[in-house]
Structure formats: C-alpha cells, structure tokens
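Heads up, the sequence shown is in this note's numbering, so the first residue is -8 and it goes up one at a time. For every residue, glycine included, the Cβ atom is placed at its ideal position computed from N, Cα and C.
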Amino acid sequence: MACPRGACPEEGQSDGALDRQRLLAVLREQVRAVEAPGTGRGVVPLGVPAVDAHLPAAGPGEGGAHGLPRAALHEVAAAGDLDAGAATAFTALLAARLAEQVRGPILWMTRAPDLYAPGLDAQGVGPGRLVVVHAACEVDLLWAMEEALRCPRVGAVVGEAGGLDLTASRRLHLAAETGGVPGLLLRLNAGKGGAMKGLKGAGRGSGRGSTQASAAVTRWQVGTAPIQEARAGDWGTTASAFTGPAWRVELLRCRGGRPGAWTLYEREGVRLEAAGQAAAPAPETPPPASAVVPFTSTQLTSTLRAVG
C-alpha cells in the first residue's frame, strides 16, 4: 500500500516521528480537500454570464463551466436595514439553482415565523419541496443545519444565522462537503447576535461592515436597486418589461473566483438577467410528489417578510 504524501518512512526515524508525519500528511490532505471548492461534486451556473465568469471553474472532465460549487457553504448578507427581503429572495434563488438536479427537499431553517411562501415560490422554492424548520435558538439551528447537510437526499439547506464564528462555519462547510449538499447562510442581522426580526430592523450590521471570518466559499451582499429606463441598444426594450425585483448584488469573496458587483433583474419568463447581458431561461424542475408539504392558514402569521 502506498504511503500518504510525505509520510513514507526514512532510515533512522523513530516510530513516534513516523506517526507524527503520517498524522500531518492526513491533515494536509484534509485541508486541501476543504480548500478545493466543490471537488468532485461539480458546479452549478447561476445562469447570468456576467456573474458566472467570476465563479469557480468546474474540475477536470466536467466541461469547464463556471458556477457555484454544490458541496460547499455559501453566505448571503443583507446590505442594509430594508434589504432583508432582497437578501431572502436572492438566497431562495441560489437554493433553487443549486438544487435543480436533486429530487430532495429544500430545508429552510429559521427562528422567525415571517417567511412569505408566495415570495419564495416566485424564486423557485415552491411548497412542493420546501420544508421550514423553526429553531428555538441559534445553537439548535446550527445543529439541525449541520445534520441536514450530511444527508445526500437533501436538495439544499438554508440557515438564517447571525453571530456565527469561524469554527461553526467550518463545521458547516465540512458537513456540506461530506454530504454533497449545498449550504446557504442567510445573515439578516449579524450585528445583533443572530436575532431574526423579519423586515423591521433586519440587516443591521450584516453588510460590508461585517469583517467576521467565515469558511464560506462565496460571500454575497444583496440590496434593492431601482429599475431605471434602459439606454438605447442596452436591452432592446425599456425597463418596464422587468416584472420582478431589481437587486444590487456584490460578490465580496469567492474562493477560486474573483469579486464583482452587478445590478440584476428578473424578467417575465426569465429567471435572472444582468444589466447589459443576455438573459438565461428559468429552470423547469417539477417538484417531487413525495416532498409535498401543504401550507395552511395556521402556518402563516400576520407579519410576513417581504421577499423580493
């Protein structure tokens, strides 16, 4: 059996030194696996060429496409006080994209009962595959998220977490690597110890000013953007053709890629489009019948988060 890299015995070495070398070799291989986003699990293009060009490339033999690594942790933060809805919508869109080729449910873990189901449905996370998990505290939420990420039958896992340290984010990333399941951290109020209060007050301290270390492969900041009239020749039509929300999206950090900033729109019949770029068609993934979770009026509260 071949020795691990750098762990083959050399003449004159003691058993203790050999054991330490073997242990260091194993740890180095584990670190390399963590630092190579999506190794062996492929990437999923967002569908917007301008954005995809900034994302990591697929591994050898996977077509050379650029996109979001599936078996990895990603992070989305609201840019400001009134951007919780925009960040939630963008997170739902990423989850839908990452779970396109998987028949399992999308688990959404939150401490606030303010998710707006029709808004999530508009981003591709319909009730046919959405499972909402309400946690009493952030410790429970992170534990449930880590356990779900280790289950390969899950399409994607979203967790609304605030005060997450580097160790906790590493645990989540390793769980995503182990299960091959994409994880998305949604930070709506990172500066308030993780309390999720919906639209009012959400997002304070969670944007560019947050320097908290994270093991996430990509870190996004999302805010709302005004819809303005297109210049002649830009899109060939006016901005009134856009029927969905407009977002200002910044890719603050991307392991294996490069940062960038874009204004993104949704157009009727089209999932996502960047100003001045060709649009990509929306995915058509029928929900699995086995994952249907009906929504009833008792599950929705009177105060709901605006998603869009």
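Host alpha helix (DSSP H) of residue i (start-end)
{"i": "ALA75", "result": "75 to 89"}
{"i": "HIS164", "result": "157 to 170"}
{"i": "VAL42", "result": "40 to 43"}
Per-residue DSSP class, three states only, for residue i
{"i": "ALA8", "result": "helix"}
{"i": "VAL130", "result": "helix"}
{"i": "ARG244", "result": "strand"}
{"i": "ALA108", "result": "helix"}
{"i": "ARG178", "result": "strand"}
{"i": "VAL17", "result": "helix"}
{"i": "ALA139", "result": "helix"}
{"i": "ARG296", "result": "coil"}
{"i": "ALA49", "result": "coil"}
{"i": "ALA113", "result": "helix"}
{"i": "PRO36", "result": "coil"}
{"i": "PRO250", "result": "coil"}
{"i": "PRO236", "result": "coil"}
{"i": "PRO60", "result": "strand"}
{"i": "ALA265", "result": "strand"}
{"i": "ARG144", "result": "coil"}
Span of the beta strand (DSSP E) around residue i
{"i": "LEU121", "result": "121 to 125"}
{"i": "LEU98", "result": "97 to 101"}
{"i": "VAL149", "result": "147 to 151"}
{"i": "VAL213", "result": "209 to 215"}
{"i": "ALA68", "result": "64 to 69"}
Separation of residue j from residue i, as counted between CA atoms
{"i": "VAL35", "j": "TRP253", "result": "19 Å"}
{"i": "LEU85", "j": "ARG94", "result": "16 Å"}
{"i": "GLY214", "j": "THR82", "result": "12 Å"}
{"i": "LEU18", "j": "ARG11", "result": "11 Å"}
{"i": "LEU9", "j": "LEU15", "result": "10 Å"}
{"i": "VAL130", "j": "ALA159", "result": "10 Å"}
{"i": "SER205", "j": "ASP156", "result": "7 Å"}
{"i": "ALA48", "j": "ALA139", "result": "26 Å"}
{"i": "ALA127", "j": "LEU37", "result": "33 Å"}
{"i": "GLY153", "j": "TRP211", "result": "15 Å"}
{"i": "ARG296", "j": "GLY76", "result": "6 Å"}
{"i": "GLY7", "j": "ARG144", "result": "42 Å"}
{"i": "GLN203", "j": "GLU168", "result": "22 Å"}
{"i": "ARG244", "j": "PRO250", "result": "6 Å"}
{"i": "GLU91", "j": "ALA108", "result": "19 Å"}
{"i": "ALA113", "j": "GLY247", "result": "30 Å"}
{"i": "GLY33", "j": "GLU257", "result": "26 Å"}
{"i": "ALA87", "j": "ASP43", "result": "16 Å"}
{"i": "ASN180", "j": "PRO104", "result": "15 Å"}
{"i": "ALA41", "j": "LEU111", "result": "24 Å"}
{"i": "VAL321", "j": "THR209", "result": "Limits of the chain in this structure are -8 at one end and 299 at the other, which puts residue 321 out of reach."}
{"i": "GLY71", "j": "LEU132", "result": "24 Å"}
{"i": "GLU137", "j": "ARG13", "result": "29 Å"}
Cβ-Cβ distance between residue i and residue j below 8 Å
{"i": "LEU176", "j": "ALA207", "result": "yes"}
{"i": "ALA69", "j": "ALA56", "result": "no"}
{"i": "TRP99", "j": "LEU106", "result": "yes"}
{"i": "GLU151", "j": "ARG120", "result": "no"}
{"i": "GLY115", "j": "ARG141", "result": "no"}
{"i": "GLU264", "j": "VAL39", "result": "yes"}
{"i": "LEU59", "j": "LEU46", "result": "yes"}
{"i": "VAL67", "j": "ARG239", "result": "no"}
{"i": "PRO236", "j": "ALA80", "result": "yes"}
{"i": "VAL124", "j": "ALA135", "result": "yes"}
{"i": "PRO96", "j": "GLY50", "result": "no"}
{"i": "VAL148", "j": "GLY174", "result": "yes"}
Distance cut-off 7 Å: residue i Cβ against heavy atoms of the ligand MG
{"i": "LEU155", "result": "With respect to the ligand MG, the structure shown offers nothing to examine, as it has no ligands at all."}
> Is there contact here, the stretch 158 to 169 with the stretch 58 to 68, by at least three beta-carbon pairs under 8 Å?
Replying inline: yes
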